[in-house]
Amino acid sequence: MAKEESSEITLRITLDENRIPEKLNWSAEDGGIVDEEAKAMLLSVWDSKNKES
2 MAKEESSEIT LRITLDENRI PEKLNWSAED GGIVDEEAKA MLLSVWDSKN KES
């Protein structure tokens, strides 16, 4: 079996007083990205048991 590796991506979302997202920053230290601002993102997670995302 091949050696399993993992990587961590961190998201920091700044909210306004109504808890509406105002700012999005992300870090992926093993890729050299630290607290970079992003204007948008899309994340989809597949649930194989329920066959839905």
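Quick note, my numbering runs 1 ahead of the 1-based positions in the sequence shown. Glycine residues also receive a C-beta, built at the ideal position from the N, C-alpha and C atoms.
Item                                                                                                                                              : Value
Can you list, in chain order, the residues of its chain whose CB lies under 7 Å from that of L16, leaving out five sequence neighbours each side? : P22, E23
Helix, strand or coil for D36 per DSSP?                                                                                                           : strand
Among R20, A41, D31, W27, which residue has its Cα nearest to the Cα of S8?                                                                       : D31
Flag this pair as yes or no: are the beta carbons of L25 and A41 separated by less than 9 Å?                                                      : yes
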